[in-house]
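Going by numbering that gives the first Met the number 0, the sequence shown opens with residue 0, and the numbers climb by one from there. What follows is a set of notes on a single structure, which appears directly below.
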Amino acid sequence: MTDLLEVDRRPLPTELPARRGLSRRTRWILWIAAGVLLATALGYLISDQVHVRDQYDRAQATLGVTRERTQTAVAQLDEVRRDLSILETREGSDSTALSQDTSQLLGAQTSLASAKAHVTQQAQLISSLKTCLTGVQQALNEVAVGKQPGAIAALNSVSTSCSAAEASSG
């Protein structure tokens, strides 16, 4: 029985089990796994850096194009500002000219109204003179044939027109 007890002998809880070293094959597997893991990490980092570098290059190219377009837009904007300034100056000059022309037009309209009034007054004077002349001519014809009462009647009928013509002519 003692043999049986010796075979099943277990270490006492106060005793630590003896540590065995890793076999050579296990160490090689661990080293290879660590190498593969390191190579994978380096491959991922390199791939990521290449991708980031490509993005950076594209961003730089886009930035260059954007700067060129911005410079072109600024140049066009400056040209538009100059054109606007010229137009504003012209508009100011045109507004001044329009004001002067409007003033001259108002003066011309006033002169025209005055001329129309004068023409109307002259037309009335001419009409009064024609009426007066017709009456005087009739009176002279009546006197020529010896009809004095007809001559007086003809002069009396145009006396108002003759008086108006005299008053208008001054």
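We treat Cβ as the ideally placed atom computed from N, Cα and C, and that holds for glycine. Treat the numbers as computed from the prediction; the structure is a model and nothing was measured.
| Item | Value |
| --- | --- |
| Burial state of Ile151, where buried means 16 or more other Cβ atoms lie within 10 Å | exposed |
| Length-filtered (3 minimum) beta strand (DSSP E) runs lying within the region 128-162 | none |
| Beta-carbon spacing of Glu165, Ala153 below 8 Å | no |
| Local Cβ density within 10 Å of Val79, reported as buried at 16 or more and exposed below that | exposed |
| Pairwise C-alpha distance: Gly134 and Val157 | 6 Å |
| Buried/exposed call for Thr159, threshold 16 Cβ in 10 Å | exposed |
| Length of the line joining the Cα atoms of Gln103 and Ser84 | 29 Å |
| Gly149 to Ala143 span [Cα, whole Å] | 11 Å |
| As assigned by DSSP and simplified to three states, the class of Leu21 | coil |
| Cβ separation of Ser162 and Leu124, assumed to be a contact under 8 Å, to the nearest whole Å | The pair is not a contact, with the Cβ atoms about 12 Å apart (cut-off 8 Å). |
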